[in-house]
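Note sheet for the following structure.
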Amino acid sequence: MNDNRREEIELARRAAKGEYDAFEQLVKRTEARLYGHLLRMVNNTDDARELLQETYLSAFKNLKAFQGTAAFSTWLYRIATNHALMHFRKKKPEVAVEDLDVPTHEELKKRTISDWDMDPLQEAHKLEVRHILEKAIAELPPTYRAVVSLRDVEGLSTSETAKVLDINEGAVKTLLHRARIYLRELLSPHFEAEDLLHIEGGGK
Amino acid sequence: MSLKLTCKEILDCLSEYVDEELDTSICDEIENHMNGCSPCVAFLNTLKKTVTLYNTAGKEVTIPEDVHENLHAFLKKRCSEQ
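Each protein sequence line maps, in turn, to chains A and B.
Residue numbering for the first sequence follows my numbering, beginning at 74 and increasing consecutively.
Residue numbering for the second sequence follows my numbering, beginning at 4 and increasing consecutively.
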């Protein structure tokens, strides 16, 4: 266990005993990342702000349930993601069964696949690119959005993401793969290079 | 022994390949396939760039000052009521 984890467990233990200062320190350590995750989930600053408050209040009330077996941030992501998914169900109950229409291999074979002539490490810092990324992620159904946000943006492992969403690791991998293919499709028109390639031409 | 993966099979496991979650033997097969299949190379490269874009964007973490202040004022009030 690293020092950071040990400190978090100690702060959570003190906060559970009613030491508000300890809780405040935990909030300060995690609030920016959690806000980013919630904003990606709901794509609305007012809703994200409200869910952030609900998440921490809920965490405070349930501090005794935090066992320290997962990182404190993972425990918070679980509370926050549940609140965000409930927010969608309240707004649109029919979203319970989600599907994502990604192109099949047969469809891709008929199309041209082109590489992107860009450096993602440079592009990701540009404001207009960040807007494109945010817009694309907002097109995903909520559970796919949660998986991409946790795995690819927040950097959680497959196992941590599975715990946050209470699904198995295989399901995380399937959702992530489909979400990435969907995002790749949405981002392609913005970054495509001139030299187009046919998947059928070289396809095996 | 060569598994001779098709483009479809390659496509299905590209995320696990990008995440380095596959066995070495399957990785070797994918790399062999990539040597002769430029559309799959383009697909793999753009999938990797998609992941890198989100990963890099996620490293710039900020919370607006008013969101931070409202949160702390809200918690200070509500937590003391518990």
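Glycine is no exception: its CB is placed at the ideal position from the N, C-alpha and C atoms.
In this text the structure is predicted, and so the values were computed from the model without any measurement.
Identity of the residue in the options nearest residue i by Cα
| i | options | result |
| --- | --- | --- |
| F161(A) | G141(A), T216(A), V202(A), V175(A) | T216(A) |
| N77(A) | K199(A), A89(A), L99(A) | L99(A) |
| L107(A) | W148(A), G141(A), N135(A), D94(A) | W148(A) |
| R253(A) | D239(A), A211(A), A95(A) | A211(A) |
| E123(A) | E92(A), H156(A), D94(A), R102(A) | H156(A) |
| L111(A) | G228(A), E97(A), T128(A) | T128(A) |
| P187(A) | C30(B), E19(B), L47(B) | Inspection of the sequence shows that residue 187(A) is occupied by Ser rather than by Pro. Ranking the options by Cα distance to S187(A), first place goes to L47(B). |
| S83(B) | D120(A), K163(A), E92(A), L248(A) | E92(A) |
| E19(B) | L259(A), H263(A), K246(A), P262(A) | K246(A) |
| S261(A) | K7(B), K51(B), E34(B) | K51(B) |
| E201(A) | H263(A), A138(A), M114(A), L130(A) | H263(A) |
| L74(B) | L130(A), T142(A), A244(A), N117(A) | L130(A) |
| R113(A) | R224(A), A244(A), A235(A) | R224(A) |
| C43(B) | L181(A), A121(A), L248(A) | L181(A) |
| T185(A) | A45(B), T59(B), E68(B) | A45(B) |
| A143(A) | A244(A), E207(A), S230(A) | S230(A) |
| D120(A) | K183(A), K164(A), S222(A), E265(A) | K164(A) |
| N75(A) | G141(A), G228(A), K90(A) | G141(A) |
Within 8 Å, strictly: CB atoms of residue i and residue j
| i | j | result |
| --- | --- | --- |
| F145(A) | E81(A) | yes |
| T49(B) | R257(A) | yes |
| L173(A) | Y255(A) | yes |
| A88(A) | L158(A) | no |
| V278(A) | R251(A) | Absent from the model: residue 278(A). The displayed extent of chain A is 74 to 277, so no value can be given. |
| G61(B) | V226(A) | yes |
| H204(A) | C10(B) | no |
| E83(A) | I66(B) | no |
| V70(B) | G109(A) | no |
| K101(A) | Q85(B) | no |
| L112(B) | I33(B) | Residue 112(B) cannot be examined here, being either before or after the span of chain B that is shown, 4 to 85. |
| C16(B) | I29(B) | yes |
| L249(A) | A209(A) | no |
Which of helix, strand or coil DSSP assigns to residue i
| i | result |
| --- | --- |
| E265(A) | strand |
| E19(B) | helix |
| L229(A) | coil |
| V64(B) | coil |
| L213(A) | coil |
| E97(A) | helix |
| L238(A) | helix |
| G109(A) | helix |
| D3(B) | A question about residue 3(B) goes unanswered here, because the residues of chain B that appear run from 4 up to 85. |
| N135(A) | coil |
| T40(B) | A small fix is needed here, since residue 40(B) is Cys in this sequence, not Thr. Correct three-state label for C40(B): coil. |
| D120(A) | helix |
| G243(A) | helix |
| K90(A) | coil |
| D76(A) | helix |
| L8(B) | coil |
| E19(A) | There is simply no residue 19(A) to check, as chain A begins at 74 and stops at 277 in what is shown. |
| L78(B) | helix |
| D26(B) | coil |
| Q85(B) | coil |
The ligand ATP heavy atom lying under 7 Å from the CB of residue i
| i | result |
| --- | --- |
| K208(A) | As for the ligand ATP, it is missing from this structure, which has no ligand bound. |
Test: residue i CB closer than 8 Å to a CB of chain C
| i | result |
| --- | --- |
| I66(B) | The question asks about chain C, but that chain is absent: this structure's protein chains are A and B. |
Whole alpha helix (DSSP H) runs in the segment 138-209 of chain A with 4 or more residues, listed along the chain? 145-164, 178-182, 193-196
Below 8 Å, how does it come out for the segment 144-158 of chain A and the segment 184-196 of chain A: are there three or more Cβ pairs, yes or no? no
Touching by the beta-carbon criterion (3+ pairs, under 8 Å), the segment 197-211 of chain A and the segment 52-66 of chain B: yes
Any contact between the segment 236-252 of chain A and the segment 216-225 of chain A? By contact I mean 3 or more CB pairs, one from each, below 8 Å. yes
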